[in-house]
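Below is one structure, written out as structure tokens, with a few remarks after it.
Residue numbers (the working numbering), protein chains in the order written: chain C, 8 to 307; chain Z, 8 to 307.
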């Protein structure tokens with residue numbers, strides 16, 4: 008089934024212990040779309056400036072991502088982020104942010120896109136996320152991502168959003184910030200009280216925890232000897248997760264569990280190189296093999 | 008098959024956000040023995056002072072732990088540790104250490120104990136660990152634990168030990184310290200180059216990573232809403248791991264994987280209360296149920 012994603016499209020400049028890239032393709036909606044495209048048709052909504060290279064758009068179209076919702080702002084510049092990872096690369100230090108055209112992003116869905124049954128609201132202001140949500144007429148599953156900035160500055164809007172979504176992606180530090188609970192199981196349960204039917208707490212290199220009223224479990228990250236650039240790992244995870252669910256057209260517990268594994272494995276490819284480079288040389292066969300290997304690792 | 012453990016026996020005073028205990032039973036060999044006793048007969052070697060309560064020894068004997076290797080030093084005092092956990096309880100702050108009788112611990116194995124096929128050398132000086140090892144005549148599987156203090160002060164002795172053991176337990180920070188590698192897969196591989204056939208890198212609340220020449224995988228910790236006291240979690244993990252292997256009498260990959268799961272689940276009980284309190288109200292049935300639940304969590 009078609010999967011709609013609304014989020015940022017960026018030109019990232021990233022430094023890690025393994026190298027540097029400048030103005031490389033990035034952004035939550037981009038990582039998400041590419042990751043999800045291995046599983047299901049993706050509809051991308053985002054905004055870029057006139058400086059956005061045509062090659063980037065073509066790369067997404069080559070993956071059958073529908074880019075008809077990509078707005079190009081005349082005389083505008085694409086959102087830019089510059090960051091640095093050091094040591095164990097568990098957190099990025101943001102060196103520069105230029106919102107540019109993202110600062111006034113106010114998406115209007117086409118009638119086709121508004122009918123998408125699976126919807127992912129990538130990290131963005133909760134007010135904007137709610138506005139998009141109100142346009143989706145045939146939604147079957149809506150999942151959102153958020154971050155510390157919105158918890159700090161738009162908590163009420165975020166609470167309103169949480170009442171309207173089925174699932175939430177949030178990282179461990181943000182889950183603790185949102186709920187004032189240090190223990191992640193407790194933090195997750197408090198998130199559920201705010202509205203979502205499930206919450207996925209991202210723990211970086213330590214994997215992710217899933218919680219719903221019925222179930223709680225952790226899936227570890229796929230062990231890797233070469234983590235080159237963690238940028239986009241969380242969005243790739245969400246892309247694999249939502250892409251799988253859209254591909255099977257349901258979200259029962261068994262599907263959610265397989266979706267967690269798909270997200271984990273997809274994210275493991277993403278971090279093995281800068282930007283989308285590793286994805287660009289990854290076919291579905293290789294993903295399936297790593298999924299099998301991951302399944303084997305956890306069977307006893 | 009019988010499982011020998013040589014290690015510390017302690018009276019712990021511990022403060023966590025959930026409470027305080029004073030002079031409670033603890034020590035690596037104690038947590039290990041109790042945990043392993045759910046799976047196999049355990050032979051305990053350690054030293055205590057005259058102040059060691061008879062009730063503690065009886066508690067272990069009630070679990071069929073063979074305490075004939077427990078030395079009581081006349082006029083001596085039992086090893087004491089006082090520590091505090093705050094925040095997410097990921098690390099203990101040591102407030103006091105009194106080695107007492109442990110300072111001159113120089114174990115001499117009885118002929119029966121020296122014939123034990125499964126051997127665990129709990130954290131202790133590598134020189135002492137090697138001396139014990141040299142007494143074991145029919146060893147089938149030897150696994151050791153170590154810590155930062157020995158890496159810093161007895162690195163050469165530790166290297167010599169690593170050439171003689173089959174497996175090593177070590178925590179993530181210590182694996183990084185020992186190998187100068189930040190990435191845990193790389194750190195683990197470097198440990199393997201030092202001798203052991205497998206290494207288990209303990210990651211606290213994030214579970215544990217297993218590495219051998221053929222395989223690497225991570226098992227997440229069992230998700231818990233109530234972590235009361237992490238003291239002894241690593242030793243309980245090792246006890247469940249070694250206890251299971253001794254119970255099946257082998258250490259092929261499938262057995263090692265199940266052993267990792269047993270270690271994970273046993274440790275999850277240990278941290279739910281202070282000292283050995285949770286173990287004391289845990290029967291094998293409950294362990295089996297949690298093992299089934301853990302298996303289900305990771306199946307997709």
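Note that the Cβ used here is the ideal one computed from N, Cα and C, for glycine as well.
With 7 Å as the C-beta to C-beta threshold (strictly closer), list the residues of the region 76 to 99 of chain Z near chain C in chain order.
Within the region 76 to 99 of chain Z, the residues whose Cβ lies closer than 7 Å to some Cβ of chain C are 94 and 95, listed in chain order.
When you check each C-beta in the region 220 to 232 of chain C against every C-beta of chain Z, which residues fall closer than 9 Å?
Answer in chain order: 222, 223, 224, 225, 226, 227, 228, 229, 230, 231 and 232.
CB contact below 8 Å: residue 189/C versus chain Z:
Against the first chain, residue 189/C aligns to sequence position 182. Chain Z contact via Cβ: present.
For residue 236/C, tell me which candidate among 90/C, 40/C and 83/C has the shortest Cα-Cα distance.
Taking the first chain and counting its residues from 1, one reaches residue 236/C at position 229. Answer by Cα proximity: 90/C.
Identity of the residues DSSP links to residue 92/C by a beta bridge:
In the first chain, the residue the question calls residue 92/C occupies position 85. Per the DSSP secondary-structure output, residue 92/C pairs in a beta bridge with 99/C.
CA-CA distance, residue 26/Z and residue 231/C?
Taking the first residue of the second chain as 1, we reach residue 26/Z at position 19. Taking the first residue of the first chain as 1, we reach residue 231/C at position 224. In this structure, the straight-line span from the alpha carbon of residue 26/Z to that of residue 231/C is close to 39 Å.
Within 8 Å (strictly less), CB to CB, does residue 61/Z reach chain C?
Looking up residue 61/Z in the second chain gives position 54. No, its Cβ sits nowhere closer than 8 Å to a Cβ of chain C.
Just curious, the beta strand (DSSP E) that residue 50/Z is in, first and last residue?
Position 43 of the second chain, counting from 1, holds the residue named residue 50/Z. Run containing residue 50/Z: 49 to 56, per the beta strand (DSSP E) assignment.
Where residue 246/Z falls: helix, strand or coil (DSSP):
As a first step, residue 246/Z is located in the second chain; it is residue number 239 there, counting from the start. DSSP places residue 246/Z within a helical segment (H, G or I) once states are collapsed to three.
Among 40/C, 126/C, 9/C and 23/C, nearest to residue 283/C - alpha-carbon criterion:
By one-based count along the first chain, residue 283/C stands at place 276. Minimum Cα distance to residue 283/C is reached at 40/C.
With 8 Å as the threshold, decide whether the Cβ of residue 235/C is near any Cβ in chain Z.
In the first chain, residue 235/C corresponds to position 228, counting from 1. At a cut-off of 8 Å between beta-carbon atoms, residue 235/C makes no contact with chain Z.
Beta carbon of residue 223/C, beta carbon of residue 198/C: below 8 Å?
Counting from 1 along the first chain, the entry for residue 223/C is found at position 216. Counting from 1 along the first chain, the entry for residue 198/C is found at position 191. In this structure, residue 198/C does not lie closer than 8 Å to residue 223/C by Cβ.
Measure the alpha-carbon distance for residue 150/C versus residue 176/Z and round it to whole angstroms.
To locate residue 150/C, count along the first chain from 1; it is residue 143. To locate residue 176/Z, count along the second chain from 1; it is residue 169. Taking the straight line joining both Cα atoms gives about 40 Å.
So, is the C-beta of residue 214/C closer than 8 Å to a C-beta in chain Z?
Numbered from 1 along the first chain, position 207 holds the residue referred to as residue 214/C. Taking Cβ atoms only, chain Z reaches closer than 8 Å to residue 214/C, which makes this a yes.
Contact between the region 91 to 106 of chain Z and the region 234 to 253 of chain Z: three or more CB pairs below 8 Å?
When C-beta atoms of the region 91 to 106 of chain Z are compared with those of the region 234 to 253 of chain Z, three or more pairs fall below 8 Å, so the two segments count as touching.
Output yes if chain C places a C-beta closer than 8 Å to the C-beta of residue 278/Z; else output no.
On the second chain, residue 278/Z is found 271 positions in, with the first residue counted as 1. So no, residue 278/Z is outside the interface.
Using a Cβ-Cβ cut-off of less than 8 Å, give me the residues of the region 183 to 210 of chain Z that come near chain C, in sequence order.
Answer set for the region 183 to 210 of chain Z: 189, 190, 191, 192, 193, 196 and 210.
I'd like to know whether the C-beta of residue 248/C is nearer than 8 Å to at least one C-beta of chain Z.
Here residue 248/C refers to the residue found at position 241 when the first chain is read from its first residue. Nearest CB-CB separation between residue 248/C and chain Z: not below the 8 Å threshold.
Rounded separation between residue 213/Z and residue 227/Z - CA only:
The sequence position of residue 213/Z within the second chain is 206, counting from 1. The sequence position of residue 227/Z within the second chain is 220, counting from 1. Near 6 Å, if we compare the C-alpha coordinates of residue 227/Z and residue 213/Z.
With a cut-off of 8 Å on the beta carbons, I'd call residue 229/Z and residue 271/Z a contact; round off their distance for me.
Numbered from its first residue, the second chain carries residue 229/Z at position 222. Numbered from its first residue, the second chain carries residue 271/Z at position 264. The distance from the Cβ of residue 229/Z to that of residue 271/Z is about 6 Å, consistent with a contact at the 8 Å cut-off.
Limits of the unbroken alpha helix (DSSP H) element including residue 67/Z:
Position 60 of the second chain, counting from 1, holds the residue named residue 67/Z. Segment 61 to 69, the alpha helix (DSSP H) holding residue 67/Z.
Please give the ranges of any beta strand (DSSP E) in the region 119 to 185 of chain Z, keeping only runs that are unbroken, at least 3 residues long and fully inside the region.
Counting only runs of at least 3 residues, the region 119 to 185 of chain Z fully encloses the following beta strand (DSSP E) elements, listed from N- to C-terminal order: 125 to 128, 148 to 152 and 174 to 178.
Can you tell which of 266/Z, 278/Z and 113/Z has the C-alpha that lies nearest to the C-alpha of residue 302/Z?
The sequence position of residue 302/Z within the second chain is 295, counting from 1. Ranked by Cα distance from residue 302/Z, the options 266/Z, 278/Z and 113/Z are led by 266/Z.
Under 8 Å: do the region 41 to 59 of chain C and the region 74 to 81 of chain C share three or more Cβ pairs, one atom per stretch?
A contact exists between the region 41 to 59 of chain C and the region 74 to 81 of chain C.
Can residue 105/Z and residue 86/Z be called in contact, C-beta distance under 8 Å?
Working through the second chain from its first residue, we reach residue 105/Z at position 98. Working through the second chain from its first residue, we reach residue 86/Z at position 79. Yes, the pair counts as a contact, with Cβ atoms nearer than the cut-off.
Over the uninterrupted beta strand (DSSP E) stretch that includes residue 276/C, give me the two end residues.
Stepping through the first chain from its first residue, residue 276/C is reached at position 269. Taken as a continuous stretch (DSSP letters only), residue 276/C belongs to no beta strand (DSSP E), being part of the alpha helix (DSSP H) at 260 to 277.
Return the residues of the region 247 to 268 of chain C that lie within a Cβ-Cβ distance of less than 8 Å from chain Z, sorted by chain order.
Within the region 247 to 268 of chain C, the qualifying residues are 261, 264, 265, 267 and 268.
Could you spell out where the beta strand (DSSP E) holding residue 77/C opens and where it closes?
For this step, residue 77/C is matched to residue 70 along the first chain. Membership of residue 77/C in the beta strand (DSSP E) is indicated by the continuous run 72 to 80.
For residue 143/Z, count neighbouring C-beta atoms within 10 Å of its own C-beta (all shown protein chains included) and say buried if the count is 16 or more, exposed if not.
Translated into positions along the second chain, residue 143/Z becomes position 136. It counts as buried.
At what residues does the alpha helix (DSSP H) containing residue 195/C begin and finish?
By 1-based counting over the first chain, the position of residue 195/C is 188. Here the alpha helix (DSSP H) through residue 195/C covers 191 to 200.
Which one of 118/C, 134/C, 139/C and 46/C has the shortest CA to CA distance from residue 127/C?
The residue labelled residue 127/C in the question sits at position 120 within the first chain. Looking at the Cα atoms, 139/C is the closest of the given residues.
How would you list, in chain order, the residues of chain C whose beta-carbon sits under 7 Å from the beta-carbon of residue 302/Z?
Here residue 302/Z corresponds to residue number 295 of the second chain, with the count starting at 1. One finds 307 in chain C with Cβ atoms closer than 7 Å to the Cβ of residue 302/Z, taken in chain order.
With DSSP collapsed to three states, give me the class of residue 26/Z.
If you number the second chain from 1, residue 26/Z lands on position 19. Strand at residue 26/Z.
Going straight from the alpha carbon of residue 130/Z to that of residue 29/C, what length do you get?
Position 123 of the second chain, counted from the first residue, corresponds to residue 130/Z. Position 22 of the first chain, counted from the first residue, corresponds to residue 29/C. Each residue's Cα considered, the two are about 48 Å apart.
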